[in-house]
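Colleague:
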Amino acid sequence: MTDLQAIADRVEIEALRGEFTDAAMMRDRARFASLFTEDGALRMPDIPVELLGREEIRAGGEALQARWDFFVQTTHAGVIELDGDTATGRTYIQELFRTLDGLEGQNFAIYHDRYRRTPDGWKFAERVYEIRYLDTTPLAGSAPRPADRPH
1 MTDLQAIADR VEIEALRGEF TDAAMMRDRA RFASLFTEDG ALRMPDIPVE LLGREEIRAG
61 GEALQARWDF FVQTTHAGVI ELDGDTATGR TYIQELFRTL DGLEGQNFAI YHDRYRRTPD
121 GWKFAERVYE IRYLDTTPLA GSAPRPADRP H
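Each step along the sequence shown adds one to the number in our numbering, with nothing skipped, and position 17 is 17.
1) Tell me the rounded alpha-carbon separation between arginine 98 and proline 45.
2) Identify which residue in Asp39, Leu139, Leu16 has its Cα closest to the Cα of arginine 31.
3) Over what stretch of residues does the alpha helix (DSSP H) that includes glycine 53 continue unbroken?
4) Can you tell me where the beta strand (DSSP E) holding threonine 21 begins and where it ends?
5) Here's the rule I'm using: 16 or more other beta-carbon atoms within 10 Å means buried, otherwise exposed. How should arginine 127 be labelled?
6) Compute the distance between the beta-carbons of alanine 24 and arginine 58, then report whether it is under 8 Å.
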């Protein structure tokens, strides 16, 4: 592998991680699921949720998102270890959330990732979500209602 190929792979994987957050925040469930390999897995042991395959990931994302009043996730770059057509990495996450049943707070978490190169580019083979800090103190702020949001 050339140095240029390694750079391109890292850029593509970083874009994949950013697109994951964008699809989640935009509630684009089909795009969200498409970021995984056909046999991909999304595991969140602290929730607890385990979703296997694109259809379960799409439906599970829909079920989780249906519980949100609001959700904000920011992604912070982590490590990427390339190994040919596969790679591993970690992504650092900060989230603010309020669910419709009143649970609210913020957390800091890590996604432990496995990536695979496919004909459609790099995809998640597996994401495992690990909460490192959780604060369920009521949030002082609020989310604007749809009529208040800029278009």
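Just so it is clear, CB atoms sit at the ideal spot from N, CA and C, and this is done for glycine as well.
Modeller: On the basis of the data shown:
1) Using only the alpha carbons, I get a separation of about 20 Å.
2) Ranking Asp39, Leu139, Leu16 by CA distance to the CA of arginine 31 puts Leu16 first.
3) Element bounds for glycine 53: 53-65.
4) Here threonine 21 belongs to no beta strand (DSSP E); instead the alpha helix (DSSP H) covers 3-25.
5) Buried, since its Cβ has 16 or more Cβ neighbours within 10 Å.
6) No, the Cβ-Cβ distance between alanine 24 and arginine 58 is not below 8 Å.
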